[in-house]
Amino acid sequence: MIKRVTRARVLIMKQLQEDDTFATMQTVYNRLITKGRHVGIATVYRNLQIMAQDGELDSVRQHGEVFYRLCRDRHHHHHVVCRRCGRAVELEIPGLEQWVNSRAQSLGFSEITHSIEIFGLCAQCRALEEGEKRDSGQDDEERDSHRRYLSLEAYSAKAD
1 MIKRVTRARV LIMKQLQEDD TFATMQTVYN RLITKGRHVG IATVYRNLQI MAQDGELDSV
61 RQHGEVFYRL CRDRHHHHHV VCRRCGRAVE LEIPGLEQWV NSRAQSLGFS EITHSIEIFG
121 LCAQCRALEE GEKRDSGQDD EERDSHRRYL SLEAYSAKAD
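Residue numbers for the sequence shown follow my numbering, so the first one is 1 and each next one is one higher.
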C-alpha cells in the first residue's frame, strides 16, 4: 500500500527529529503549535499512531500515556527511558527474544509478541534531583519520617 506523505506528517516527523526524546502526543502537538505549525490535534494523534504501527516511531507506555520517538532501528528492540526528561537509550538484552518465545510456547502460546518498558532516571536528572533535595534542606530520613506521620494522620482520621 502506498502512503501519501502529507504536510502534517512531514511537520510531525521534523518535530520528532528535532526532539530526539520520547514525548506524548500532547507534547508533540504543543511544540508544533508553539512554532506556528498549525496541525489539528486529531491529525497529530492519528499520524503518531499510524507511524508507530508502521515502525517509523518507537512507542512506550507509562502511567496510561503513550510516548513516541523517532525510531532509529527498525528491528525489535527495547529502551531504558528517563521518566523525567524522556531521554532514551536502546537496550540490547542477549537471548531475551529466544527466552520469551520459548517460555510462551512452553505455555501453549503462539504468534508471540512482547513489549518491555524500562524507566528510571538518567545520570543528569538524578544529579538534578539530588541537587534539588540538597537545596530543599530535607534529607531522606526527615522526608520518610514526614511521610509516616502523614500516613498515620490519615489513618487516624479514618478511624474517627
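Glycine included, every Cβ here is placed at the ideal spot set by N, Cα and C. Owing to the predicted nature of the structure, the values given are computational and were not obtained by experimental measurement.
In the DSSP assignment, what are the bridge partners of Leu68? As a working mapping, residue 68 is identified with position 68 in the sequence shown. Residue identity differs from the one stated: residue 68 is Tyr in this sequence, not Leu. Within the DSSP secondary-structure output, Tyr68 pairs in a beta bridge with Ala23, Ser59.
Distance check for Cys82 and Cys125, CA to CA, integer angstroms please. The residue you call residue 125 lines up with position 125 of the sequence shown. The residue you call residue 82 lines up with position 82 of the sequence shown. So the alpha carbons of these two residues sit roughly 8 Å apart.
Indicate the three-state DSSP secondary structure (helix, strand or coil) for Val39 in the structure shown. Residue 39 sits at position 39 when you count from the first residue of the sequence shown. When secondary structure is reduced to three states using DSSP, Val39 falls in the coil class, being assigned neither helix nor strand.
Kindly list the residues whose CB is nearer than 6 Å to the CB of Val89, restricted to its own chain and excluding five residues on each side of it in sequence; keep chain order. Working through the sequence shown from its first residue, we reach residue 89 at position 89. Correct list, in chain order: Val80.
For Lys35 and Arg9, what's the separation of their Cα atoms in angstroms? Counting from 1 along the sequence shown, the entry for residue 35 is found at position 35. Counting from 1 along the sequence shown, the entry for residue 9 is found at position 9. Computed Cα separation, rounded: 16 Å.
Should Ala23 go down as buried or exposed, given a rule of 16 or more other Cβ atoms within 10 Å for buried? In the sequence shown, residue 23 corresponds to position 23, counting from 1. Classification for Ala23: buried.
Helix, strand or coil: how does DSSP classify Gly120 here? Counted from its first residue, the sequence shown places residue 120 at position 120. Three-state result, Gly120: strand.
Which residues does DSSP list as the beta-bridge partners of Cys82? On the sequence shown, position 82 is the one that residue 82 refers to. Residue pairing from DSSP places Cys82 in a beta bridge opposite Gly120.
Could you tell me the boundaries of the alpha helix (DSSP H) in which Glu90 lies? Your numbering for residue 90 matches position 90 in the sequence shown. For Glu90, there is no enclosing alpha helix (DSSP H); the enclosing beta strand (DSSP E) covers residues 88-91.
Counting along the chain, where does the alpha helix (DSSP H) carrying Glu97 start and finish? Taking the sequence shown and counting its residues from 1, the one referred to as residue 97 is at position 97. According to the DSSP assignment, Glu97 belongs to the alpha helix (DSSP H) that extends over 96-106.
Helix, strand or coil at Val5 according to DSSP, with G and I counted as helix: In the sequence shown, the residue the question calls residue 5 occupies position 5. Here Val5 sits in coil by DSSP.
Looking at the structure shown, is Thr34 part of a helix, part of a strand, or coil, going by DSSP? Position 34 of the sequence shown holds residue 34. Three-state result, Thr34: helix.
Whole-angstrom Cβ separation of Leu91 and His78, contact assumed at under 8 Å? In the sequence shown, residue 91 corresponds to position 91, counting from 1. In the sequence shown, residue 78 corresponds to position 78, counting from 1. Contact holds; Cβ gap of about 5 Å.
With distance defined between alpha-carbon atoms, name the residue in Gln17, Gly108, Ile116 nearest to Glu97. The sequence position of residue 97 within the sequence shown is 97, counting from 1. Distances from the CA of Glu97 to each of Gln17, Gly108, Ile116 were compared; the closest alpha carbon is that of Ile116.
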